[in-house]
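Reviewing the structure listed below.
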Amino acid sequence: MVDSGLLQIDDPVHLECLRFCFIPLIHHALNYFTHLWNSHRIRQQRHMEAPNGIPTEMYYLPEAYGT
Numbered sequence: 001m002v003d004s005g006l007l008q009i010d011d012p013v014h015l016e017c018l019r020f021c022f023i024p025l026i027h028h029a030l031n032y033f034t035h036l037w038n039s040h041r042i043r044q045q046r047h048m049e050a051p052n053g054i055p056t057e058m059y060y061l062p063e064a065y066g067t
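Residue 34 in full-length UniProt numbering is what sits at position 34 of the sequence shown, and the numbering runs on without skipping anything.
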């Protein structure tokens, strides 16, 4: 956009419009990634003692995981 002349990064109005358009998309993508990451299962490690389970459950139900 800068190369084509559509966006001037020195112009505060252009930057505010860019934020207005893209921050909701970025926010949605980050929420989606966070949900996927916190709901995946962490496998048990063979050669080391490490917590295993689903991160969200481990956070909200620590007594179920021995912490």
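No residue lacks a Cβ here, since even glycine has one placed at the ideal position from N, Cα and C.
Item, Value
"Proximity of Ile54 and Arg41 at Cβ, strictly below 7 Å", "yes"
"DSSP-derived helix/strand/coil call for Ile42", "strand"
"Beta-carbon proximity list for Asn38, same chain, < 7 Å, skipping 5 on both sides", "Pro55, Thr56"
"Residues bridged to Gly53 (per DSSP)", "Ile42"
"Same chain, Cβ closer than 8 Å to Glu1, neighbours up to 5 away in sequence not counted", "Checking the displayed sequence, the identity of residue 1 turns out to be Met instead of Glu. Around Met1: Leu7."
"C-alpha gap between Ile23 and His47, whole angstroms", "42 Å"
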